[in-house]
Amino acid sequence: MELPPVELGTFDLSNLETFWTRPRDEREGAFKALRDLDGLAFFEEIEFEDSPLPPGPGYWALARHADIWHVSRNPQLFCSAQGSNIGDMPQEMNEFFGSMIAMDDPKHFRLRSIVSKGFTPKEISKVEEYVHTKASKIIDDLVERFPERRCDFVEHVAAALPLQIICEMMGIPEEDHEKVFHWTNTILGVGDPEFVGTLEDLMAQALEMFMYAQALGEDRRANPRDDITSVLMAAEVDGEKLTPQEFGSFFILLVVAGNETTRNAVSHGMKALTDHPDQLELLYGDFDAHAKTAMEEIVRWATPVIHFRRTATADTEISGQKIAAGDKVVMWYCSGNRDERVYDDPFRFDITRPIQPQQIGFGAGGPHFCLGANLARREMTVMFDALRRRMPTLRITGEPDYLQSNFINGIKRMECAW
Ligand code: HEM
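Numbering (this note's numbering), first residue to last: 681 to 1098.
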C-alpha cells in the first residue's frame, strides 16, 4: 500500500471526530510519520462533552514496535494502576471498569494468579468441543435463517461465537446472552454516538452488569457447578479468595475483553481474506498447514485493541526522549504492528508470515499479556475452519461500517453473501 504523506502537526490522535474518522490510509500515513520521528510526539488530551472530569495532561505517543515492547516489559517503570486508557478516571473507577488490567503487582499478581486457574490448558480444552459445536450451530442457523444467502457477517457470524463461548464458560444461561452482548457494546462503544448517549448511561449499564456478575459469583460459591465462575470463586491464593466485588469487575473485563476483540479479529480476518483471494485460496486449500500463521497474521492485520496506556513511575528516556515521572505513554499497537523496522512489507496481508518477530495484537509481553490469547486463537481457528468446510463460497460483499473509537478497531456491520 502506498501511504499518503501526512505531516506531523496536521493530525491529533486524541480527536475521535477529526482523526479517527479519516480514511484509513491517511491514518496509516500519520502513524508512519510518528514512527519515523526522532524521539516521540506529545499529544494534548481533549475535553469530552458530558464528562465531569477535566481533560488530562496529555501523553507521549509510542508508535514504534521497539518502544512499545520496552514499555510493556518494564512494569516497574511504566505502571498500569494510574489508568490503562488515555483519559484519567478516579482510582476506584479504574479498578471497577478495568479490574486487573488497571492494577500493578502485588495486587495484579494475586488476582492474575487466581483467575489464571480458569484459563489453564485443561480448562481451555474443556471448552474446545463446545467451540466446535457452537461454530457448527452458527453455520446451521445461517443456512436456515437466510435462504437468500446473505446477512450481516458481524452480527450473525463473528459476534455470535465469542459471546456464546464466554457466556458458556462463565455459566451464564442462554436467555441472558443478549443482555451481556448489549452491555459490552455500550461499554466499548464509548465515543460512537450509536451506542451510548451519556456517561450516566454508561455507568448505569456497567453497574447492571456488575450486579449481575456479583449475584452469579455468590451463587456459584454457594452452589458450585462445572463452569469457570465456580472455579474462580473457589480458587485461593495464599489463603485468600476472590471477593464478589473483585469477581464483578473481573467479569466486566472478561466479557468485554473476550467478546469484542475476538469478534473484530474474525470480521477483519474475513474482510482481509475476501480482499486477498490468493490468501483465502491458500488457507482454504491447506488449512492445517497455514492456520497457525494465518491467525497471527489476522490479529496483526486487525489489531483489534488499538492502544493501551502506562504511566512512568520515575524519570526515564524512551528513544532519546526524556520522560518525566508521572508522564503518560500510550502504546499504539496498531502502529507497532505495521512497523517496517520489524515486518517485511507490513502492509501486505500474508498468511504465511513467520510468527517471529512477534505481532503485538495481544500486547507486547509483560504481566498484562492477554490472558485469553490461546482461547482467542482457538476460537478463530475453529470459526474459519467451519466457514471453510461448510460455506467455502462466503465472502464479504458490503463496505464495513466502522466503530468510531481510538481503542477498539471495531466493525459494527458488514454484509456477506455465499
Ligand atoms: C483476538 C482477540 C483478542 C485480542 C486482540 C486481545 C488483546 C488484548 C490486549 C492488547 C491486552 C492487553 C495486553 C497488555 O497490556 O500487555 C489484553 C489483555 C487481556 N485480555 Fe485479551 N484479547 C483478545 C481476546 C481475549 C479473550 C478471548 C479473553 C478472555 C476470555 C481475553 C482476556 C483478557 C484479559 C483478562 C486481559 C487482562 C490481562 C491482565 O491485565 O493481566 N482476551 N488482551
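Glycine is no exception: its CB is placed at the ideal position from the N, C-alpha and C atoms.
Excluding five sequence positions before and after L696, the CB atoms of its chain that fall closer than 8 Å to its own CB belong to G871, Q1084, S1085 and N1086, given in chain order.
Going by DSSP, W749 is part of the alpha helix (DSSP H) stretching over H745 to S752. A heavy atom of the ligand HEM is found nearer than 7 Å to the CB of S752.
Following the DSSP letters along the chain, one finds D832 inside the beta strand (DSSP E) bounded by residues R830 to D832. Checking the DSSP bridge columns, you'll see W740 partnered with F722 and V1009. Scanning V807, F799 and L757 for the CA closest to the CA of D784 turns up L757. Contact between A937 and G798 is absent: CB atoms are separated by about 13 Å, not below the 8 Å threshold.
Judged by DSSP secondary structure, F988 falls within the beta strand (DSSP E) whose first and last residues are H987 to A992.
Partner residues in the beta bridge of D1081, as assigned by DSSP, are R1093. Of all alpha-carbon atoms in R707, D1007, S764 and W1012, the one lying nearest the alpha-carbon of E687 is that of R707. Here the alpha carbons of W1012 and D906 stand approximately 39 Å from one another.
In terms of side-chain proximity, the C-beta atom of T1032 is found no nearer than 7 Å to any non-hydrogen atom of the ligand HEM.
Residue burial annotation: A1066 is buried, with at least 16 other C-beta atoms found within 10 angstroms of its C-beta.
Inclusion of I818 and A840 in the CB contact set at 8 Å is warranted, their separation being smaller than that value.
Taking 7 Å as the cut-off, one finds at least one heavy atom of the ligand HEM near enough to the beta carbon of R792. Bridge pairing for K1002: E997 [DSSP]. For P1047, the shortest C-beta to heavy atom distance toward the ligand HEM is below 7 Å.
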